[in-house]
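The opening position of the sequence shown corresponds to residue 0 in the numbering used here, with each subsequent residue numbered one higher.
Quick reminder that beta carbons are idealized off the backbone N, C-alpha and C, glycines included.
Remember, it's a predicted structure, so these values are computed and weren't measured experimentally.
To start, the structure itself, in structure tokens.
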Amino acid sequence: MRSRKWRRAIALAAGGAVAALSCACIGINVFISTSTNDSVVGLAQASQAGADAVVVLGARVYANGTPSPILEDRLHTGLDLMEAEAAPVIVVSGDNSAQANYQVDAMAQWLVSHGVNESAIVRDDQGISTYDTMWRARHEYRYSSVIAVSQDFHLARIIWDGERQGLEVTAVRADRQEYEKAVQWRAREWLVRTKDFVMGFVRPDAGVVDL
């Protein structure tokens, strides 16, 4: 009888903990989304921001070195910003390991093939996570303001991560089509935003947490 009561108490406590964590996750996501919304602008407005750099965040590269559709759309948007003279340089940030099919090299090669001068491209091959990319933009490259380029689902976290490092962040949506895994990406974003919310206060150096 006593063991049955203990099991019930443990189950209730576990259920309460899950409910509390779920509420916290929802609250954090709503806060980050609403507090960063004004920093998402169109290309014309971003081009007038006087930023130090355009930052294109990495995504999947295929084994043959071709950027995936989501990454190519980011690169196209970054190219549009460079052609509009929004910033003097464009940072391509990602995982440049063989396992990731050399994301940064593929991004830089794509930009060069579309007319961007090699000297205007900054290769950040340690941008393993969104947090790392924004940390390095502020502390490694010493930028004060950047224009970040990614898809809509990703922008709130980018802005949060950058602003917590002291960066002025303007963000531009790179959505140019419907994406096959958009639902999965949005679901994952709810979890990693919660993680980055905490990291925004702890502010570890880049590379400490690679999620």
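query: Cutoff 7 Å; reference Asp104; Cβ partners in own chain excluding five residues on either side; result: Asn95
query: Boundaries (first-last residue) of the beta strand (DSSP E) holding Glu167; result: Glu167 to Arg172
query: Buried versus exposed call for Glu82 [16 or more other C-beta atoms within 10 Å across all chains shown]; result: exposed
query: Nearest neighbour of Glu139, chosen from Ile127, Asp123 and Thr129 [CA to CA]; result: Asp123
query: DSSP bridge partner residues for Asp123 (one or two, in chain order); result: Ser92
query: Helix, strand or coil at Ala105 according to DSSP, with G and I counted as helix; result: helix
query: Entirely enclosed alpha helix (DSSP H) segments - the region 147 to 197, minimum 4 residues; result: 151 to 163
query: Spatial distance of Arg73 from Glu162 (CA atoms); result: 21 Å
query: Among Cys22, Cys24 and Val39, nearest to Val168 - alpha-carbon criterion; result: Val39
query: Per DSSP, the bridge partner or partners of Ser128; result: The partner list for Ser128 (beta bridge, DSSP) is empty, contrary to what the question assumes.
query: Cβ-based burial, Asn100 [other Cβ within 10 Å; buried from 16]; result: buried
query: Integer Cβ distance of Thr132 from Arg156, believed to fall under 8 Å; result: Contact flag wrong, Cβ pair sits at about 11 Å.
query: Span of the alpha helix (DSSP H), counted from its first residue to its last, around Ala45; result: Leu42 to Ser46
query: Distance CB(Ala85)-CB(Val53) smaller than 8 Å; result: yes
query: Ser118, DSSP secondary structure in three states; result: helix
query: Assigned exposure category for Ser149 - 16 Cβ within 10 Å defines buried; result: buried
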